[in-house]
Amino acid sequence: LSVCLSVCLYIYVYIHKQYKKNYSFTDLLPLDLLSRVLPVSGRARDGIRMVQSRGARGFQFSGSPQLFSFPASQLFINCNFFPAEFSIVVTLKIPQMAPEKSEYIFTLLEGDSDEPLLGLRLSQNKFHFLQKGHGSRKRITFKAVGLDDNRWHTVVLAVTGCYTILTVDCGTPLEELEIPFPDNLDTTGSTFFIASRRRWNGLFSGLIRQLVLLPGSDATSQICPSSEPRLSALSVPQALLHLPIKPSSTDLPLHPYEAEVRVTAGMSPPCGHSEEGHLWFNTLKRGLFLCDGIVWLTMLQVKEKLDYVEDHQDLFTNSETFDIEVFHIPSVGLFMATANRDSNLGSGIYKWTDGRFERYQNISTYDAQAWQYFTVGKKVCVDYQQNVILLLYSKRIANTDSPYQVLSTCTVNEHTFQKANNSLKMFFYWSYEVF
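So in the UniProt record's numbering, spot 291 of the sequence shown is number 291, and the numbers just go up one at a time.
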C-alpha cells in the first residue's frame, strides 16, 4: 500500500510540474486590468468619471465596488495559477491622505472572502503589497515613498525570486528581501476588484491612469528611462489618450468627462505644458480661462457695467436738443456742444467747471441736427448738421461764433477723418437723405 501511495504521489508531482512548464508566463504580453472595468460598445457605466488634471487624464471611481470587478478567469485562461514572477505598473494621482486612512489600488479576492490573495494599498507616505503565500498572509511595506502629494506618479512593483522591488517615477529602486512569492497561488473562483477591496471602505479616491500586470518580467526596463517619468506608459487605455469620443446617436461622451478648475482672486496661476487643458476662474475679473500650454485664453468673461446710475445734473438747453458732443481741448478743459432746433436761440457750448457743466457760449445755428468734433493738425474744429465748420481757438474760444467754412449739402449725418501724416486736408463722408 505504501509503495502504491508513493507511486501516485510521484505521478502527481510530475504531472503538476509538466502542467506548469507547458503554461509558462515568461515574456507574455501586458494585461491591462484597468480596461477590463471600462464601458464597452458605447455604453456608459455609472461610477466612472474621466478627469483631466495636471496635463493628463485618469479615471475616478465612485459607487458600488461590484461595478469595477471582473473574474480572474478572464486573464488566466489556460492556467489558473498566478505567475511566480511578475510586475505591476500603476500610474496614479491622489491628494494627501489622513494618517489613519488607507485605500486600495486593486485586490484579488478568493471567492466570497474579503481576504486578498494579492493587492496594492496606499496609506500616508506608504505603499503596501499584500499577498497570500505558504499558508499565511503577509504585507510588504515601502515607507517614505511620497505618493500622496496630489501629483501624477508611475509605480512599478516587480516580484522576482526573493526580491520585491519598487520603482517610483523611474527613480532609484527600493528592494525588500522576502520569502519567495508562491509558485502555486491558485486563482480559481477569484475576482479582481479595481480601486477597492469589495467593500465601500477603502475605495480609492484619487485618479488611476494605468494599471497593468506584466507576467514573467520586470516592466521597469520597458518604460524607463522616460522623458516624462511621472507618466511613463506601458499600456494606457485609449479613452485616456484622446478627447472624449462622442457616439453618433447622442451628444454625450462615452465617459463622463470633467477638467480640473482653479479658482483664484489674485495673481493668475502658472500656465505651462503640465497645466494644458486646465480651467481657471478669476473671481476678480469674473472670467473663465483655458490654458493652451502657453497662455490663458479667455473663454467667458463678464463685461464691466455700472451697478447703478444716479442723477448728477439737470441741464436746461435753449430749445429741443437733437444731439450732444463732448470734447476736450488741451490746456483749456472739457466741453459739451448741444445741437438745438430753435434757430433764433441757436445752440450752446458748456464747460465742465467744479464738477458741473456750466453755460459757456451760444452758437448761432439753423435747425442743427448734430455736432462733430475733430482736429486738423494742431487746429481744433467742430461742425454741425448744416455743415458749418467752426474753428476753435484754445486761448479764445469765443471766436467760435464765426464760421470757418460753409458747405451746402442735404445730409442727416456725417463723419470726418484725418489723413495720415498729419495732413491738413480734411475729408467728409455723408449718408445722403433727400428732404
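We put the CB at the ideal spot given by N, CA and C, even for glycine.
- The beta carbons of T338 and I329 sit no closer together than 9 Å.
- Note on L241: under 16 other CB atoms within 10 angstroms of its CB, so exposed under the neighbour-count rule.
- Closest by C-alpha distance to Q210, out of D114, K285, T154, G346, is T154.
- Taking the Cα of V295 as reference, the smallest distance to any Cα among C271, D32, S62 is reached at C271.
- Distance from L234 to P30 at the Cβ level is roughly 6 Å; contact confirmed, criterion being Cβ atoms closer than 8 Å.
- Membership of I223 in the alpha helix (DSSP H) is indicated by the continuous run 220-223.
- Per DSSP, the unbroken beta strand (DSSP E) holding H153 starts and ends at 153-160.
- Under the three-state reduction of DSSP, L34 is assigned to helix.
- Residue pairing of R57 in beta bridges, as defined by DSSP: Q52.
- Membership of F357 in the beta strand (DSSP E) is indicated by the continuous run 356-363.
- Within the DSSP secondary-structure output, D323 pairs in a beta bridge with A339.
- Across the set L315, G293, L345, K101, the C-alpha of L315 shows the shortest separation from the C-alpha of K351.
- Sequence-distant Cβ neighbours of T191 in its own chain, meaning closer than 6 Å and more than five residues away, are S69, P71, L109.
- Residues F281, T298, M299, L300, Q301, V302 of the same chain have their beta carbon placed closer than 8 Å to that of G287, with the five preceding and five following residues left out of the count.
- The continuous stretches of beta strand (DSSP E) do not include N150, and DSSP gives it neither H nor E.
- Counting only the Cα atoms, I324 lies some 22 Å from L306.
- Non-local beta-carbon contacts of G55 in its own chain, meaning distances under 7 Å to residues more than five positions away in sequence, involve H273, S274, E275, E276, G277 in chain order.
- When rounded, the separation of the alpha-carbon atoms in F374 and L290 is 42 Å.
- Annotated as proximal: L67 and V37, with beta-carbon spacing under 9 Å.
- Partner residues in the beta bridge of F127, as assigned by DSSP, are L122, F142.
- The beta-carbon separation of P95 and R197, rounded to 20 Å, does not stay under the 8 Å limit for a contact.
- Only buried fits N340, as 16 or more other CB atoms lie within 10 angstroms of its CB.
- Take F357, set aside five residues on each side of it, and the residues of its chain with a beta-carbon closer than 8 Å to its own are Q313, L315, M336, Y350, K351, in chain order.
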